[in-house]
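Structure first, then comments.
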Amino acid sequence: MNPSNPTDFKIFLGLSIATSPFIFSILLLYLLSEFMTEFGKASEEIFRSERLPILNFPNFEP
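Heads up: the sequence shown begins at 15 in our numbering, then just goes up one per residue.
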(Lines of atoms letter the chains of each structure in order from A and count residues from 1; the text may use other names and numbers.)
(Lines give C-alpha, C1' and ligand atoms only; values in the text may rest on other atoms or scores of the structure.)
Protein backbone atom coordinates (compact mmCIF):
# COMPACT_ATOMS: atom_id res chain seq x y z
CA MET A 1 0.00 0.00 0.00
CA ASN A 2 1.48 3.30 -1.10
CA PRO A 3 -0.17 6.28 0.64
CA SER A 4 -0.73 9.19 -1.76
CA ASN A 5 -1.57 12.04 0.63
CA PRO A 6 -0.56 12.92 4.22
CA THR A 7 -3.88 11.76 5.70
CA ASP A 8 -3.44 8.29 4.20
CA PHE A 9 0.11 8.23 5.53
CA LYS A 10 -1.05 9.11 9.06
CA ILE A 11 -3.70 6.39 8.96
CA PHE A 12 -1.19 3.89 7.58
CA LEU A 13 1.39 4.81 10.24
CA GLY A 14 -1.18 4.71 13.05
CA LEU A 15 -2.41 1.30 11.95
CA SER A 16 1.15 0.00 11.78
CA ILE A 17 1.94 1.28 15.27
CA ALA A 18 -1.32 -0.10 16.69
CA THR A 19 -0.78 -3.55 15.13
CA SER A 20 2.77 -4.21 16.34
CA PRO A 21 1.90 -4.77 20.06
CA PHE A 22 -0.60 -7.44 19.06
CA ILE A 23 1.97 -9.22 16.91
CA PHE A 24 4.56 -9.06 19.70
CA SER A 25 2.04 -10.32 22.27
CA ILE A 26 1.12 -13.30 20.07
CA LEU A 27 4.82 -14.10 19.65
CA LEU A 28 5.40 -13.75 23.39
CA LEU A 29 2.46 -16.04 24.22
CA TYR A 30 3.76 -18.63 21.76
CA LEU A 31 7.25 -18.55 23.27
CA LEU A 32 5.82 -18.67 26.80
CA SER A 33 3.70 -21.71 25.98
CA GLU A 34 6.72 -23.47 24.44
CA PHE A 35 8.80 -22.69 27.53
CA MET A 36 6.10 -23.94 29.89
CA THR A 37 5.72 -27.15 27.88
CA GLU A 38 9.46 -27.82 28.03
CA PHE A 39 9.51 -26.95 31.74
CA GLY A 40 6.69 -29.42 32.34
CA LYS A 41 8.53 -32.16 30.48
CA ALA A 42 11.70 -31.50 32.47
CA SER A 43 9.87 -31.56 35.80
CA GLU A 44 8.14 -34.79 34.80
CA GLU A 45 11.55 -36.36 34.20
CA ILE A 46 12.78 -35.21 37.59
CA PHE A 47 9.78 -36.56 39.49
CA ARG A 48 9.48 -39.91 37.72
CA SER A 49 9.38 -42.73 40.23
CA GLU A 50 12.35 -44.62 38.83
CA ARG A 51 14.72 -41.73 39.52
CA LEU A 52 13.64 -41.13 43.10
CA PRO A 53 15.47 -42.95 45.90
CA ILE A 54 13.70 -45.68 47.84
CA LEU A 55 12.95 -44.54 51.36
CA ASN A 56 13.14 -47.17 54.08
CA PHE A 57 10.63 -46.40 56.82
CA PRO A 58 10.84 -48.32 60.09
CA ASN A 59 7.81 -50.37 61.12
CA PHE A 60 6.09 -48.83 64.10
CA GLU A 61 3.96 -51.58 65.61
CA PRO A 62 2.10 -50.79 68.84
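From the three backbone atoms N, C-alpha and C, an ideal C-beta is built for every residue, glycine too.
Computed from a predicted structure; not experimentally measured.
Extent of the continuous alpha helix (DSSP H) to which residue 48 belongs
20 to 60
Can you give the Cα-Cα distance for residue 42 and residue 49, rounded to whole angstroms?
10 Å
Tell me which residues share the same chain as residue 62 and place their Cβ nearer than 6 Å to its Cβ, disregarding the 5 neighbours each side in the sequence.
none
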